[in-house]
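Residue numbers (the numbering used here): 6 to 78.
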């Protein structure tokens, strides 16, 4: 599912059966700007932020993938 909110395009990858979000893709070409505008932290304990590059162009950023980490028990 894709959403537009507050100037962002956000694509959610989710399990249709459980409706649990697996990860998010924040679309944009400038990593530092996306991190700041979305208030993301590269060292956050509850999610990972991974760059996603355009197919066929390893130096063109498509956006940032935000993957939740499993809570430690």
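We put the beta carbon where it would ideally sit given N, CA and C, even for glycine.
Computed from a predicted structure; not experimentally measured.
Check: residue i C-beta below 7 Å from any heavy atom of the ligand NAD
i          : result
residue 54 : The ligand NAD is not part of the structure shown, which contains no ligands of any sort.
Three-state secondary structure assigned by DSSP to residue i
i          : result
residue 28 : strand
residue 66 : strand
residue 15 : strand
residue 40 : helix
CB of residue i within 8 Å of CB of residue j, strictly
i          : j          : result
residue 39 : residue 31 : yes
residue 57 : residue 69 : yes
residue 13 : residue 43 : yes
Nonlocal neighbours in the same chain, by C-beta distance under 6 Å from residue i, ignoring five residues either side
i          : result
residue 59 : 65 and 67
residue 78 : Note that residue 78 has pLDDT 48, beneath the 50 cutoff, so the model's placement of it is unreliable and the number below is only indicative. Taken in chain order, the list of residues that qualify is empty.
Own chain, CB closer than 7 Å to residue i, minus 5 neighbours either side, in chain order
i          : result
residue 27 : 18, 19 and 20
Anticipated Cβ contact below 8 Å, residue i with residue j, distance rounded
i          : j          : result
residue 74 : residue 51 : 6 Å
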